[in-house]
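One line per chain: the protein sequences are A and B, in this order.
What the first sequence shows, in the working numbering, is residues 1 to 323, in sequence order.
What the second sequence shows, in the working numbering, is residues 1 to 345, in sequence order.
By construction, the Cβ of each residue, glycine as well, lies at the ideal position given by its N, Cα and C atoms.
Computed from a predicted model, the values in this text were never measured in an experiment.
The structure appears below as structure tokens.
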Amino acid sequence: MATQTSSTEQSVSPATQRVALRCEGLVKRFADVTAVNGLDLEVFAGECFGLLGPNGAGKTTTVEILEGLTPADEGKVELLGQQWNSNDERALRERIGVQLQETQLAEKVTVIETLRLFRSFYKRGHSIDEVIQTVALEEKRDARVGKLSGGQKQRLAVACALVGDPELLFLDEPTTGLDPQARLSLWDVVDKFRKGGGTILLTTHYMEEATRLCDRVAIMDHGKIIALGTPLELIESLGADQIIEFRVTSPIPEGALTGLPAVTHLHRRGEDYSLTVREMGVALPALLAEIKRRQSELVSLTTHEATLEDVFVSLTGRMLRET
Amino acid sequence: MNPLIELTLTRVREFLREREAVFWVFIFPVLMTFALGIAFRNTAPDKTFVAIEGDASNPRVSELANFLAHSPEISSSVVTPDEAARSLRSGKIAIVIQPNGDSYSLRFDPTRPESRTARLIVDDVLQRARGRNDVVQIGEQRITETGARYVDFLVPGLIGMNLMGSGLWGLGFTIVIARSRKILKRFAATPMRRSHYLLSFMLSRLVFLFLEVAAVVLFAWLAFGFTVRGSWLTVFLITLLGGFTFSGIGLLVAARPTTIEGVSGLMNFIMLPMWLLSGTFFSSERFPSVLQPFIKALPLTALNTLLRAVMNEGAPLWTNWMHVAILLGWLLVSFVVALKIFKWQ
Chain A
1 MATQTSSTEQ SVSPATQRVA LRCEGLVKRF ADVTAVNGLD LEVFAGECFG
51 LLGPNGAGKT TTVEILEGLT PADEGKVELL GQQWNSNDER ALRERIGVQL
101 QETQLAEKVT VIETLRLFRS FYKRGHSIDE VIQTVALEEK RDARVGKLSG
151 GQKQRLAVAC ALVGDPELLF LDEPTTGLDP QARLSLWDVV DKFRKGGGTI
201 LLTTHYMEEA TRLCDRVAIM DHGKIIALGT PLELIESLGA DQIIEFRVTS
251 PIPEGALTGL PAVTHLHRRG EDYSLTVREM GVALPALLAE IKRRQSELVS
301 LTTHEATLED VFVSLTGRML RET
Chain B
1 MNPLIELTLT RVREFLRERE AVFWVFIFPV LMTFALGIAF RNTAPDKTFV
51 AIEGDASNPR VSELANFLAH SPEISSSVVT PDEAARSLRS GKIAIVIQPN
101 GDSYSLRFDP TRPESRTARL IVDDVLQRAR GRNDVVQIGE QRITETGARY
151 VDFLVPGLIG MNLMGSGLWG LGFTIVIARS RKILKRFAAT PMRRSHYLLS
201 FMLSRLVFLF LEVAAVVLFA WLAFGFTVRG SWLTVFLITL LGGFTFSGIG
251 LLVAARPTTI EGVSGLMNFI MLPMWLLSGT FFSSERFPSV LQPFIKALPL
301 TALNTLLRAV MNEGAPLWTN WMHVAILLGW LLVSFVVALK IFKWQ
């Protein structure tokens, strides 16, 4: 499986870029948990920035603070040069587009009626037809929202966020629960928006989505950012680019595995072993020899190039979708 | 595209596309008017059902049956003591008469109004049959004119109840559903004016308010010859005031709950007492006088009183300024409080 790196073509150099969104020292506590725990973030104009992390990492809370929907307990937020506590909240809302993770739009109204309603909230913006075309819902324009598929509903939700022609677009897990086909067509929508020069902050727990769409990603865990960079930088930071995953009939001591040549990291979960290796040609024969020497047998073995998923595993010792 | 108009149109569309809502708001009150109007329609006064306890072969018993048969108001039958007791318990008869030598004894439940009436009728018939003469002449004038029948009393009450129901459900439900589906939160993320959202409910209510009232009035006119005695302008103003007051209360009820269960409980808690106490089906004057100040302060009592005053008596609005003030008070307080505590997410 090859890692796509298309998103790094126009690599963004922080020093020369205008900042579209900045937050410092963000803290949000709920009764029993600190959802966001001292978070700093900078998103540059024109980039697609991904907030990556497992469920419960605090992604949604962070995004809702940035969107001005949830007040933070501590910290500063500035987007497009403005702050949320200013009197001009509505002027700022004219300039951003929001797709919330859990919104279920009214089911009895049609696609075009929904968009017309959202369009009416903005002083300026796209025409309804333009937006319908952008999200490829032409055939469903007169269908009721309740009759749409999951992917179509999600594209409509994004269309509602686009209708005011925003400079900054927030997408909170836009493709969660969608089938691959629906996900691809949503990615197209995101691409179109970026081509128009828009800035995006998106959250996801799909690695391939972040790799495919984002210029830079921040990996979030327990309310904090634990890694930040382009997807490629993060993968390279592993000091390795190959992963061996295998399963054997009888356990092998961890020391024996980490001691193998070219192995930089081991992650073990029950019967499943995952080795991060620098050189596959060196590590793989050594591993097979070690398994044989221990009189164990392979049940399965796969290798792949390192992904952001592996970055998360090596940083936290957990799989992204475990928690 | 004006946001207020678009929001209102969305309200109207959502309502019209919800078949159940249309049924409860338009069809149900009409059915209710029909059913109650039929059940309590004014025909010849009902007969009083009387049981004679004893054996039909007993001459005293047949003499008594003969006396009672002379009165057009009485329907009597001779039964065994067992059956008499059973019929009395089940309400099939109002009173039991037992010949007792030369006199009679009556058995009845004094808390039942029809039993008390039966006692007076039976007493009168028996005394006359045994030779009593009237000592004074009493003339009678019987009135069954339109406007004083039960259905005339009922229609304004049903309209009031319907305005309460559609105001509370219409706003309460829709808003809480929007909150639980995170639509409110989504709207809050746009530059939409929040006052526009709430105002759109008022405007869409305005569309349906008069249709609701018209449906019931029209039906009652066609089926029962119901007429409005006062001015239509007064009816319009009272409907407007009542409709908005209950919209305000609906807004207040919906200001915080995040689940349908939560808001349903709250709405029943608010509506149930008013269904019972506010004189929809029978006059609220029947409740004990200690309760009266409380009952009078209820918005539905005020609305029902105002509607009856204009529809049945043709009274102008200012004669009932107290009730107008009560409604205005509820309207104002519920709106202000609702806007203060309203939760967008």
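CB contact check: residue i to chain A, cutoff 8 Å
| i | result |
| --- | --- |
| M202(B) | no |
| P3(B) | yes |
| E20(B) | no |
| T8(B) | no |
| Q345(B) | yes |
| R256(B) | no |
8 Å Cβ cutoff, residue i in contact with chain B
| i | result |
| --- | --- |
| V98(A) | yes |
| R124(A) | no |
| T61(A) | no |
| R247(A) | no |
| K108(A) | yes |
| E167(A) | no |
| L117(A) | yes |
| R155(A) | no |
| E113(A) | yes |
| R90(A) | yes |
Check whether residue i and residue j have beta carbons under 8 Å apart
| i | j | result |
| --- | --- | --- |
| V158(A) | L186(A) | yes |
| S200(B) | R11(B) | yes |
| L232(A) | C160(A) | no |
| V135(A) | L156(A) | yes |
| V22(B) | A215(B) | no |
| M220(A) | A45(A) | no |
| G279(B) | G172(B) | no |
| I252(A) | R183(A) | no |
| L178(A) | Q99(A) | no |
| A227(A) | V311(A) | yes |
| S180(B) | I270(B) | no |
| T203(A) | L51(A) | yes |
Contacts of residue i in chain B (Cβ-Cβ under 9 Å)
| i | result |
| --- | --- |
| E67(A) | A189 |
Supposed close pair residue i, residue j - CB separation, criterion 8 Å
| i | j | result |
| --- | --- | --- |
| L277(B) | L298(B) | 6 Å |
| G223(A) | V163(A) | Contact flag wrong, Cβ pair sits at about 32 Å. |
| V50(B) | V122(B) | 6 Å |
| L68(B) | Y104(B) | Actually they are not in contact, since the Cβ atoms of L68(B) and Y104(B) sit about 11 Å apart, beyond 8 Å. |
| I74(B) | T48(B) | 5 Å |
| T103(A) | K343(B) | Not a contact, Cβ separation roughly 16 Å. |
Option nearest residue i by Cα separation, candidates the options
| i | options | result |
| --- | --- | --- |
| V43(A) | E309(A), G198(A), L301(A) and R318(A) | G198(A) |
| V263(B) | E14(B), G329(B), I177(B) and P273(B) | I177(B) |
| L105(A) | Q83(A), Q154(A), Q242(A) and E89(A) | Q154(A) |
| G230(B) | P288(B), Q141(B) and G314(B) | G314(B) |
| M311(B) | Y197(B), T48(B), W321(B) and D152(B) | D152(B) |
| V282(A) | L275(A), H304(A), R268(A) and A262(A) | A262(A) |
| T302(A) | E94(A), V248(A), L308(A) and T264(A) | V248(A) |
| L198(B) | N66(B), I52(B), D46(B) and A255(B) | A255(B) |
| G255(A) | L287(A), A227(A), L315(A) and L228(A) | L287(A) |
| I243(A) | E290(A), S86(A), E305(A) and F312(A) | E305(A) |
| Q101(A) | K28(A), R269(A) and K59(A) | K59(A) |
| E173(A) | T62(A), N85(A) and E47(A) | T62(A) |
| L201(A) | G317(A), P166(A) and N55(A) | P166(A) |
| N37(A) | E24(A), F49(A) and C48(A) | E24(A) |
| G270(A) | G317(A), L52(A), G81(A) and V109(A) | G317(A) |
| I112(A) | L137(A), L168(A), D88(A) and L92(A) | L137(A) |
| E74(A) | S300(A), V27(A) and Q181(A) | V27(A) |
Proximal chain A residues relative to residue i, where beta-carbon distance stays under 9 Å
| i | result |
| --- | --- |
| R179(B) | The premise fails here: R179(B) is roughly 11 Å from chain A at the closest Cβ pair, so nothing lies under 9 Å. |
Contact set between residue i and chain B, taken where Cβ atoms lie within less than 8 Å
| i | result |
| --- | --- |
| T103(A) | R181, K182, I183, K185 and R186 |
Partners in chain B for residue i, counting only beta-carbon separations shorter than 7 Å
| i | result |
| --- | --- |
| S120(A) | M1, N2, P3 and E6 |
| E94(A) | P191 |
Per-residue contacts from residue i into chain A (C-beta, under 8 Å)
| i | result |
| --- | --- |
| E14(B) | A106, K108 and V109 |
| M322(B) | Simply none; closest approach about 41 Å. |
Per-residue contacts from residue i into chain A (C-beta, under 7 Å)
| i | result |
| --- | --- |
| R17(B) | K108 |
| M192(B) | F121 |
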